[in-house]
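Asks: In my numbering, the protein residues as written are 3 to 294.
1) Where do the N-terminal and C-terminal ends of the alpha helix (DSSP H) with residue 52 fall, by residue?
2) Among residues of its own chain, excluding the 5 on either side of residue 4, which ones have a beta-carbon nearer than 6 Å to its beta-carbon?
3) Under DSSP, the beta strand (DSSP E) around residue 283 begins and ends at which residues?
4) Since residue 234 is in the beta strand (DSSP E), which residue starts that stretch and which ends it?
5) What did DSSP end up calling residue 178 once you bin it into helix, strand or coil?
6) Inspect the beta-carbon positions of residue 151 and residue 105 and report whether they are closer than 8 Å.
7) With a Cβ-Cβ cutoff of 8 Å, do residue 222 and residue 235 count as a contact?
8) From residue 42 to residue 53, what distance separates their C-alpha atoms?
9) In this structure, what does DSSP give as the bridge partners for residue 264?
10) Could you check the C-alpha separation between residue 38 and residue 128 for me, to the nearest Å?
11) Can you name the residues that DSSP bridges to residue 7?
12) Using the beta-carbon count (16 or more within 10 Å), is residue 242 buried or exposed?
13) Closest to residue 2 by CA distance: which of 184, 191, 249, 79 is it?
14) Nearest to residue 67 by alpha carbon, out of 92, 184, 32?
15) Tell me whether residue 94 is buried or exposed, calling it buried when 16 or more other Cβ atoms sit within 10 Å of its Cβ.
16) Using three-state DSSP, classify residue 258 as helix, strand or coil.
17) Does residue 244 pass the burial test, meaning 16 or more other C-beta atoms within 10 Å, or should it be called exposed?
18) Determine whether the beta carbon atoms of residue 184 and residue 214 lie at a separation below 8 Å.
19) Is residue 36 helix, strand or coil by DSSP?
20) For a quick check, are the C-beta atoms of residue 219 and residue 254 less than 8 Å apart?
21) What first and last residue would you give for the alpha helix (DSSP H) that runs through residue 198?
22) Would you kindly report the start and end of the unbroken beta strand (DSSP E) that includes residue 211?
23) On the premise that residue 281 lies in contact with residue 260, defined as a C-beta separation below 8 Å, what is that separation, rounded to the nearest angstrom?
24) To the nearest angstrom, how far is the alpha carbon of residue 29 from that of residue 99?
25) From what residue to what residue does the alpha helix (DSSP H) around residue 146 run?
26) By how many angstroms is the C-alpha of residue 120 removed from the C-alpha of residue 112?
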């Protein structure tokens with residue numbers, strides 16, 4: 003069964019303003035909405051795919067008049083053939099978006115295989131999957147994808163990341179990192195992605211996983227020479243308790259020479275960002291990976 007989208011859904015998913023989409027619809031017949039029995043307009047997966055592919059071509063300096071002369075199949079082919087735009091693998095990201103919305107396992111497997119063949123394993127995970135993890139979080143927060151859709155895609159990506167981690171050889175030539183999620187935090191794929199990035203570059207990784215109370219880090223710090231702790235705060239701890247949590251974390255690492263690197267949506271509206279010289283907060287996963 004195909005999904006139904008409002009024009010606001012198309013705007014959220016494509017980044018193209020609703021009034022622009024409506025203008026294209028009226029002037030160029032680029033897509034054609036359907037109507038429910040109660041006369042409410044809606045758009046199909048095919049319409050969404052056209053808009054997503056149009057957004058790619060516009061980034062490559064195509065004009066909407068040129069695009070409107072093409073069939074949907076020709077638009078898709080042109081988008082696929084376009085080179086990555088400033089490192090933004092837009093076609094691949096849009097295909098992942100569509101596979102999320104439709105619970106489409108086959109499409110996900112196809113785009114992953116295509117990505118690896120075309121860009122290699124490194125770029126597939128570091129750039130395509132890394133960017134999509136960030137995008138998926140935004141879509142979930144905005145309500146553009148449901149909880150079940152987010153869980154479906156998170157599970158698919160998690161499986162790929164675990165497989166990729168298993169393929170990497172253990173190295174002891176770099177730094178040693180301990181990765182964990184705070185108590186009651188279950189959103190794991192960002193942390194898994196960071197584990198992949200670190201292990202791929204030759205660092206040693208202790209992956210402690212989901213929902214770990216910070217007090218339990220003491221055993222590891224007492225018994226291993228850890229250079230840094232890394233965590234992603236997506237839904238926990240609550241923003242109200244962040245200052246207290248960070249002060250406790252600073253006490254935990256005091257005089258140990260351990261750095262702490264943190265990112266996640268819980269820091270989006272967090273104004274305080276100074277809790278000891280060794281605690282560092284980043285706005286995105288990409289910023290974090292750049293600085294560690």
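In this text, a Cβ means the ideal position worked out from N, Cα and C, and glycines have one as well. Only a predicted model underlies this, so the values are computations on that prediction, with no experimental measurement involved.
Replies: Judging by the given coordinates:
1) 47-61
2) Only weak support is given to the placement of residue 4: the predicted model assigns it a pLDDT of 48, under 50, and the question is left unresolved by the model.
3) 281-283
4) 230-234
5) strand
6) yes
7) no
8) 20 Å
9) 233, 283
10) 42 Å
11) 45
12) exposed
13) No information on residue 2 is available, as it lies outside the stretch 3 to 294 that the chain covers here.
14) 32
15) buried
16) coil
17) buried
18) yes
19) strand
20) yes
21) 191-202
22) 206-211
23) At roughly 10 Å, the Cβ-Cβ gap does not stay under 8 Å, so residue 260 and residue 281 are not in contact.
24) 27 Å
25) Careful: residue 146 lies outside any alpha helix (DSSP H) and carries neither H nor E.
26) 12 Å
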